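With mature numbering (1 follows the signal peptide of the UniProt record, and there is no 0) applied, the sequence shown corresponds to residues -28 to -1, 1 to 653, in that order.
Yeah, the Cβ is synthetic: ideal placement off N, Cα and C, and Gly gets one too.
Remember, predicted model here, so these are calculated numbers, not experimental data.
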Amino acid sequence: MLQTPGAMACDLLFRLLLLMVLAAPSQGNRLGPTSRLRYSRFLDPSNVIFLRWDFDLEAEMITFELQVRTAGWVGLGVTNGYTFVGGDLVVGGVLPEGNVYFSDQHLVDEDTLEADGSQDAKLLRLTEDGVYTTMLFSRPFRSCDPHDKDITSDTVRVLAAYGLDDMLKLDPERTFVKSIFLLQILHPDDHDVPEDTIIHDLEITDFLIPEDDTTYACTFLPLPIVSKKHHIYKFEPKLVSHNETMVHHILVYACGNASVLPTGISDCYGADPAFSLCSQVIVGWAVGGTSYQFPDDVGVSIGTPLDPQWIRLEVHYSNFHNLPGVHDTSGIRMYYTAHLRKYDMGVLQLGFLTFPIHFIPPGAESFMSYGLCKTEKFEEMNGAPVPDIQVYGYLLHTHLAGRALQAVQYRNGTQLRTICKDDSYDFNLQETRDLPHRVEIKPGDELLIECNYQTLDRDFLTFVRGPSTINEMCLIFLFYYPRNNISSCMGYPDIIYVAHELGEEASDSMEGMMAMNNVEWTLENIKKAEKACKESQQTVIIKTIDEVVGNTTGWIPEIIPTPRGPCLESSGGKVEPQDETPAGFRAAPMALLASGNATPGTSPWLPSCLGRGPSFGSLLPCRLESDTVSSCQIPSPPLCYQTQKLPSFSSQNVPHLCPVPMAQVRTLASLATVILHKVLP
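1) With 16 as the cutoff for other CB atoms within 10 Å, does Lys503 come out buried or exposed?
2) Please report the Cβ distance between His202 and Thr309, rounded to the nearest whole angstrom; I am assuming they are in contact, meaning their Cβ atoms lie under 8 Å.
3) Along the alpha helix (DSSP H) that carries Asn354, what are the first and last residues, could you check?
4) Residue ranges of each alpha helix (DSSP H) run of no fewer than 4 residues wholly in the stretch 469 to 529, ordered along the chain?
5) Note the first and the last residue of the continuous beta strand (DSSP E) segment covering Arg114.
6) Residues in the same chain with beta-carbon distance under 7 Å from Leu312, minus the five sequence neighbours each way, listed in chain order, please.
7) Residue 659 to Asp138, Cα distance in whole Å?
8) Might you give, ordered along the chain, the residues of its own chain that have their beta carbon closer than 6 Å to the beta carbon of Ala132, omitting 5 neighbours on each side?
9) I'd like the ranges of any beta strand (DSSP E) spanning at least 3 consecutive residues and lying wholly in the stretch 199 to 223.
10) Report the rounded CA-to-CA distance for Ile254 versus Thr42, giving the unit in angstroms.
11) Within its chain, find whatever has a CB closer than 8 Å to the CB of Glu183; leave out the 5 residues flanking it on each side and keep chain order.
12) Could you say which of Val491, Thr494, Thr525, Arg430 lies nearest to Cys461 if we only look at CA atoms?
13) What does a CB cutoff of less than 6 Å around Val411 pick up in its chain, not counting 5 residues either side in sequence?
14) Using C-beta distances below 7 Å, list every residue in its chain close to Gly416, excluding the 5 sequence neighbours before and after it, in chain order.
15) Could you compute how far the alpha carbon of Asp164 sits from the alpha carbon of Val319?
16) Using 8 Å for Cβ pairs, my map puts Arg305 next to Glu208. What's the rounded Cβ distance?
17) Who are the near neighbours of Arg430 in its chain, counting only those whose CB is closer than 8 Å to its CB and skipping five residues on each side?
18) Checking 8 Å against the spacing of the C-beta atoms, do Tyr188 and Asp126 come in under that value?
19) Assuming Leu540 contacts Lys500 (C-beta within less than 8 Å), just tell me the rounded distance between them.
20) Within 8 Å (strictly less), CB to CB, does Phe350 reach chain B?
21) Thinking C-alpha only, which one of Arg389, Glu82, Val198 is nearest Glu145?
22) Going by beta-carbon coordinates alone, are Phe56 and Leu79 separated by less than 8 Å?
23) Going by alpha carbons, who is nearest to Tyr464 out of Phe449, Ser273, Leu420?
24) For a quick check, are the C-beta atoms of Met353 and Val520 less than 8 Å apart?
25) Sorted by chain position, which residues of the same chain lie with C-beta nearer than 6 Å to Arg24's C-beta, five sequence neighbours on each side aside?
26) Enumerated in chain order, which unbroken segments of the alpha helix (DSSP H) with a length of 4 residues or greater are wholly contained in the stretch 147 to 202?
27) Provide the residue(s) that pair with Asp76 in DSSP beta bridges, ordered along the chain.
28) With Leu325 and Gly343 assumed to form a contact (beta carbons below 8 Å), what rounded beta-carbon distance in angstroms separates them?
29) Let me know the beta strand (DSSP E) ranges lying completely inside the stretch 385 to 426, each 3 residues or longer, listed in chain order.
30) Work out the CA separation of Ser396 and Val298 for me, nearest whole Å.
31) Please report how far the alpha carbon of Thr262 lies from the alpha carbon of Glu403, in whole angstroms.
32) Since I believe Glu286 is in contact with Ile332 (beta carbons under 8 Å), could you give me their beta-carbon distance rounded to a whole number of angstroms?
33) May I ask which residues mark the beginning and end of the beta strand (DSSP E) holding Thr534?
34) Mark Gly323 as exposed unless 16 or more other C-beta atoms lie within 10 angstroms of its C-beta, in which case mark it buried.
35) Please report how far the alpha carbon of Lys150 lies from the alpha carbon of Lys314, in whole angstroms.
36) Enumerate in chain order the residues of its own chain whose CB-to-CB distance from Glu351 is below 8 Å, with the five nearest sequence positions on each side excluded.
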């Protein structure tokens, strides 16, 4: 069919733009189809579904490679919590005759998929070899499609599904949700590994786990004896395989060298208070976590007169099935070296003071608790000037009712930043995480910890007092340098004031707590209690490594929510109300043009020209012509895909746009210029 001069111009311009994008040198460390995907995880208990991923923080794009042991369809997406409904799911597969299909969809209900009006996933490769179906695609962290869940620095519930054939129907037995921290800043391969590494284990040996639901077992152990200063640079859990589900967390506390320590193993918070001595955390692990290596410029110092010589090892066991006769040898494996790092690191424990003077009402959809830290007394209690604290990592900790946590920093009464947060906290994934940028805390700053709980499944008061996982905690551990003597800084509200606001009589803290049992926990009273806890004066307790305790008081400041960033403009469909103005959009990266994503330009005819390119966001039928070349049935201008073996993808086939000699690029450019001058105004 004959084309008008204007259509010819569009076709030529579209080809030229694609070729210019492909021929241009890469800018920065951007992900491309030949980039190595650094992170990986199995998504199901049987190891049928394997996910690789990587991301570009600057471009706010993430790339996934899903490999499933099936010849049917595969799908990957994000959902809220552990329900499938409302989750987004990118699906694809290869038909028996070789045609490829690929679509950005969402779940209307438990087993019904519907295509999104806006197709925001970009297909990079889709193959099936008789054993595995492998789908490689990218998507923005945040699209403007309300059906797409955001990729954030929170815990992400990754949704994966597959079928045994090409019928797109969800089967609960082949649909899985796994919590993953996708935006990991550092990969273990990014770190240096000293050649003189020495390994030292801190463990509870052959401990008989009681038949109780909850046990906190503590013992005191010496750190390695070295003749000169060394740095601990990595730690990992040491677990007995058949006891893994019973170990909830492991903490290592540094002891002051003047401390008189007991021997043996006993209840950390039982009859003998000596087993709760030592409160400065060195390292910590909790369920779902893995090994953690400190940044290359920091480490835990050992071997100098100022360093601790002994530690308290705390292991929290959850024996919910009350199994008898289970012996355990769990602990922490430490890696240390004589190659010193630049800084000695420390850990600052923040949050709600673990003591029975706070509560969470039953039947609460959301209940906020707060713990205040005021650093103005740090220098006095440290016994020496306290340099500015440089925070580089964190560990979040609540029990089963916890849903979200955040640490917010204030200076001179003004909110400065959110240091860290997780709005999708998962009790079963507690790990030490790196900050994208180091945060400076100056003497006099205030730090506020906010924990959000949900107790819809409970008809009893939940106490914030620690030991059992059905009770609660609200803690954030900040990893920082240079080390000082402050071990913790935690707050709690005036429970007497709270009781009075709820119409109950109380003259001391214990009466205030007992009075909570008399309250009828209606929705109105839940909100009233939350408001009273926030408005009451907080007592702030500060502790040092030598068990010196100081206190001060303060008030909970308001938290200004961090606004969501702009969404990446998409190829159409519904847009969220807050994104309707141009300020709510972010232009698509130029690299996406090859996928047919329309990008607005200054000329009114440019979007219509670019819109004629192939769209990977809808069905993409390809007829395989040979082992190496496939011809795709896509709109004009015709483009083909060619597969090429690339070592960086472990010799797997990777598609790319067909190469064109640079001479042809120059000819096209000259021809397009002539036509545009003659045809377009």
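On the basis of the data shown:
1) As a first step, residue 503 must be located in the sequence shown, where it is residue number 531. Counting Cβ neighbours within 10 Å, Lys503 comes out exposed, since fewer than 16 surround it.
2) Position 230 of the sequence shown holds residue 202. Position 337 of the sequence shown holds residue 309. Their Cβ separation, rounded to whole angstroms, is 6 Å, which keeps His202 and Thr309 in contact under 8 Å.
3) Within the sequence shown, residue 354 is the residue found at index 382, counting from 1. 350 to 354 is the extent of the alpha helix (DSSP H) around Asn354.
4) 481 to 487, 495 to 507
5) Mapped onto the sequence shown, residue 114 falls at position 142. Neither: Arg114 is in no beta strand (DSSP E) and is coded neither H nor E.
6) For this step, residue 312 is matched to residue 340 along the sequence shown. Same-chain partners within the cutoff: Lys201, His203.
7) Residue numbering for the chain in the displayed model covers -28 to 653; residue 659 lies beyond these limits and cannot be assessed.
8) Working through the sequence shown from its first residue, we reach residue 132 at position 160. Counting only Cβ-Cβ distances below 6 Å, and skipping sequence neighbours, we find Leu15, Ile21, Leu48, Phe148.
9) 202 to 210
10) If you number the sequence shown from 1, residue 254 lands on position 282. If you number the sequence shown from 1, residue 42 lands on position 70. Taking the straight line from one Cα to the other gives about 45 Å.
11) Numbered from its first residue, the sequence shown carries residue 183 at position 211. Contacts found: Asn291, Asn294, Leu295, Pro296.
12) The sequence position of residue 461 within the sequence shown is 489, counting from 1. It is Thr525 whose Cα lies nearest to the Cα of Cys461.
13) One-based indexing of the sequence shown puts residue 411 at position 439. Once the five neighbours on either side are set aside, the close Cβ partners of Val411 are Val363, Ile391.
14) Sequence index remark: in the sequence shown, residue 416 carries index 444 (1-based). The answer, listed in chain order, is Thr347, Glu348.
15) Numbered from 1 along the sequence shown, position 192 holds the residue referred to as residue 164. Numbered from 1 along the sequence shown, position 347 holds the residue referred to as residue 319. Distance between the alpha carbons of Asp164 and Val319 is about 22 Å.
16) Residue numbering aside, residue 305 sits at position 333 when the sequence shown is read from its first letter. Residue numbering aside, residue 208 sits at position 236 when the sequence shown is read from its first letter. Contact flag correct, Cβ pair sits at about 5 Å.
17) The residue you call residue 430 lines up with position 458 of the sequence shown. If we look at Arg430 and ignore the five residues flanking it on each side, its Cβ neighbours are Pro334, Gly335, Ala373.
18) Residue 188 sits at position 216 when you count from the first residue of the sequence shown. Residue 126 sits at position 154 when you count from the first residue of the sequence shown. Their beta carbons are not under 8 Å apart, which means Tyr188 does not touch Asp126 by this criterion.
19) Here residue 540 refers to the residue found at position 568 when the sequence shown is read from its first residue. Here residue 500 refers to the residue found at position 528 when the sequence shown is read from its first residue. In fact, because the Cβ distance is near 42 Å, the residues do not count as touching under 8 Å.
20) No chain B is part of this structure, which consists of one protein chain only.
21) Counting from one through the sequence shown, the residue named residue 145 turns up at place 173. Ranking the options by Cα distance to Glu145, first place goes to Glu82.
22) Counting from one through the sequence shown, the residue named residue 56 turns up at place 84. Counting from one through the sequence shown, the residue named residue 79 turns up at place 107. Yes, they are a contact pair.
23) Taking the first residue of the sequence shown as 1, we reach residue 464 at position 492. Closest by alpha carbon: Leu420.
24) What you label residue 353 is simply residue 381 of the sequence shown in a count that begins at 1. What you label residue 520 is simply residue 548 of the sequence shown in a count that begins at 1. Yes. Within cutoff.
25) For the purposes of this step, residue 24 is taken as residue 52 along the sequence shown, with counting starting at 1. Answer for Arg24: Leu9, Ser12, Glu37, listed in chain order.
26) none
27) Within the sequence shown, residue 76 is the residue found at index 104, counting from 1. Bridge partners of Asp76: Val62.
28) Sequence index remark: in the sequence shown, residue 325 carries index 353 (1-based). Sequence index remark: in the sequence shown, residue 343 carries index 371 (1-based). Contact flag correct, Cβ pair sits at about 7 Å.
29) 386 to 394, 405 to 413, 418 to 425
30) Locating residue 298 in the sequence shown gives position 326, counting from the first residue. Locating residue 396 in the sequence shown gives position 424, counting from the first residue. Roughly 34 Å separates the two Cα atoms.
31) Walking along the sequence shown from the start, residue 262 turns up at place 290. Walking along the sequence shown from the start, residue 403 turns up at place 431. Rounded to whole angstroms, Thr262 to Glu403 spans 7 Å at the Cα level.
32) The residue you call residue 332 lines up with position 360 of the sequence shown. The residue you call residue 286 lines up with position 314 of the sequence shown. That belief does not hold up - the Cβ atoms of Ile332 and Glu286 are roughly 24 Å apart, past 8 Å.
33) Residue mapping note: residue 534 aligns to position 562 of the sequence shown, counting from 1. Element bounds for Thr534: n/a, residue is neither H nor E.
34) As a position in the sequence shown, residue 323 is number 351, starting the count at 1. So Gly323 counts as buried.
35) Working through the sequence shown from its first residue, we reach residue 150 at position 178. Working through the sequence shown from its first residue, we reach residue 314 at position 342. When rounded, the distance between both Cα atoms is 37 Å.
36) Start at 1 with the first residue of the sequence shown, and residue 351 comes out as number 379. These residues qualify, in order along the chain: Pro357, Val358, Pro415.
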